[in-house]
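A.B. asks:
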Amino acid sequence: MEKTATKKNTKIASKIKVKAKTPKTAAKGEAVSILRIRVRAYDSKVLDASVKQIIETALRHDAKIVGPVPLPTDIKKYTVNRASFVYKNAREQFEMRIHRRLIDIINPSAKVIEALTNISLPSGVNIDVKMI
């Protein structure tokens, strides 16, 4: 069954904003390759400095960048007893926070990939690179 368009339906449809997703194919029919970089660290300041360094390196080689997108922070909590034998109600809680960012580079050239592999980042920063 098809619905016929009424004035009310067209007014509602005109007010809805549709966000365009990233195209999987270019306008000329060429496939779009995306280099997805996920960066993780325990310290958010070191992470932001590393992401800034990655973005500056990619922009220096005229790459199109999407991001950095902040991903949810993973929080791992550990509860331990303060005393080993008697005081079972005395406990301490510790937590580890893992901050994450996501960067997409659209249609990376060979120069961009080479520059990103030669980049020097501080210790404690973990990088996962995937070609989509």
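Note that my numbering has the sequence shown beginning at 51, numbered continuously upward.
For each residue, glycine too, the CB sits at the ideal point set by N, CA and C.
Counting Cβ pairs, one atom from each stretch, are 3 or more of them under 8 Å apart for the region 103-110 and the region 162-170?
C.D. replies: Enough Cβ pairs lie closer than 8 Å, so yes.
A.B. asks: For the candidate residues A81, T129 and I104, whose alpha-carbon lies nearest to that of R88?
C.D. replies: R88 has its Cα closest to that of I104, out of A81, T129 and I104.
A.B. asks: Return the CA-CA distance between I177 and R90, expressed in angstroms with no decimal places.
C.D. replies: For I177 and R90, the distance between alpha carbons rounds to 6 Å.
A.B. asks: Starting from V185, trace the beta strand (DSSP E) both ways and give me its first and last residue.
C.D. replies: In this structure the chain extends from 51 to 182, so residue 185 is not present and cannot be described.
A.B. asks: Ignore the nearest five residues each way along the sequence and tell me which others in I182's own chain have a CB closer than 6 Å to its CB.
C.D. replies: Excluding sequence neighbours, I182 sits near I84 and R86.
A.B. asks: Determine whether the beta carbon atoms of V175 and S100 lie at a separation below 9 Å.
C.D. replies: Contact: yes.
A.B. asks: Please name the residue or residues paired with K114 in a DSSP beta bridge.
C.D. replies: K114 pairs with I156.
A.B. asks: Using the three-state DSSP reduction, which class does D93 fall into: helix, strand or coil?
C.D. replies: It is coil, neither helix nor strand.
A.B. asks: Would DSSP call L109 helix, strand or coil?
C.D. replies: L109 falls in the helix class under three-state DSSP.
A.B. asks: May I have the straight-line CA-CA distance separating K114 from K102, to the nearest angstrom?
C.D. replies: If I take the Cα positions, the gap works out to 15 Å.
A.B. asks: Assign R141 to buried or exposed, taking buried as 16 or more other Cβ atoms, counted over all protein chains shown, within 10 Å of its Cβ.
C.D. replies: Looking at its Cβ environment, which holds fewer than 16 other Cβ atoms inside 10 Å, R141 is exposed.
A.B. asks: Below 7 Å CB to CB, which residues in the same chain sit around I148 once its five sequence neighbours on both sides are set aside?
C.D. replies: Here the set comprises R90, Y92, T123 and D124.
A.B. asks: Compute the Euclidean distance between the alpha carbons of L171 and S94, then round it to the nearest angstrom.
C.D. replies: Going by the C-alpha atoms only, they are around 14 Å apart.
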